[in-house]
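Going by the numbering used here, the first residue of the sequence shown is number -14, and it counts up by one from there.
To start, the structure itself, in structure tokens.
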Amino acid sequence: MTKMQEQCVYVCGPYQGYCGRAEFEDGVFHGEVVGTRDVITFQGKTPADLRSAFVDSVDDYLAFCESEGETPEKPFSGRFVARLEPELHKAISNMAHAVGKSLNQFICDCLADIADKGVPAAVLEQPSRSRKTISLKTKDQPKGRKPQKAPRKGGRRSA
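See below:
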């Protein structure tokens, strides 16, 4: 195992709707299924062993629940509440409108992009930013140009 692998956090899944997170310590990967109140753990000496142990642990959990007549806990419903500063909420809403999407669809698309590409290293390495320093721009938006406000319903936009 290289020094780089020893410092990494590994993500397993999705499998049967479950995901796991593992860290390498003392020559072994130690993992846990995330997003459930039930504790489901797994471990392996290699990434392949880890993946196999993850799948086995999820299968064992589902079999245990069935044998006990319990409904297995599913990790996520697809809904969550995010609290934003009013200025950030407004900026994101304006950006969504500028690209012709609902706020929900815009946020879902942005999060899907992050899930596909991974979290940018800059986000992981830097402490939380002050809300006042956040600058949001779309790729197609020229520098220095702000998204336009939507016209008021039933009337013209005032100058």
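Ideal placement from N, C-alpha and C gives every residue a C-beta, glycine not left out.
No experiment lies behind these values; they were computed from the predicted model shown.
Which of the three DSSP states, helix, strand or coil, is assigned to V24? coil
Three Cβ pairs or more, each shorter than 8 Å: is that satisfied between the segment 0 to 9 and the segment 39 to 58? Because the criterion of three Cβ pairs below 8 Å is met, the segment 0 to 9 and the segment 39 to 58 touch.
Which same chain residues, not among the five before or five after K117, have their C-beta less than 6 Å away from its C-beta? Any answer about K117 is weak, because its pLDDT of 43 lies below 50 and its placement is not dependable; what the coordinates show is given next. The answer is none, since no qualifying residue turns up.
Just the C-alpha distance for F39 and A83, rounded to the nearest angstrom, thanks. 43 Å
Which residues share a DSSP beta bridge with F14? F9 and G29
Under the three-state reduction of DSSP, which class applies to P(-1): helix, strand or coil? P(-1): strand per DSSP, three-state reduction.
Whole-angstrom distance between M80 and S120, CA atom to CA atom: With a pLDDT of 42 at S120, under the threshold of 50, the predicted position of this residue should be treated as unreliable, and no value is reported.
List the DSSP bridge partners of V19. C4
Let me know the secondary structure DSSP gives R68 once reduced to three states. The answer is coil: DSSP assigns R68 none of H, G, I, E or B.
Roughly how many angstroms separate the alpha carbons of T123 and D11, rounded to a whole number? Residue placement at T123 is flagged as unreliable, the pLDDT there being 45, under the threshold of 50; the coordinate-derived value follows with that caveat. If I take the Cα positions, the gap works out to 44 Å.
Which residue comes first and which comes last in the alpha helix (DSSP H) that contains K102? Note, K102: alpha helix (DSSP H), L88 to K102.
When you compare each of Y(-5), Q1 and C(-3) to E58 by their alpha carbons, which one comes out closest? Q1
Below 8 Å on the Cβ atoms is my guess for F14 versus L35; work out the distance and round it to an integer in Å. 4 Å
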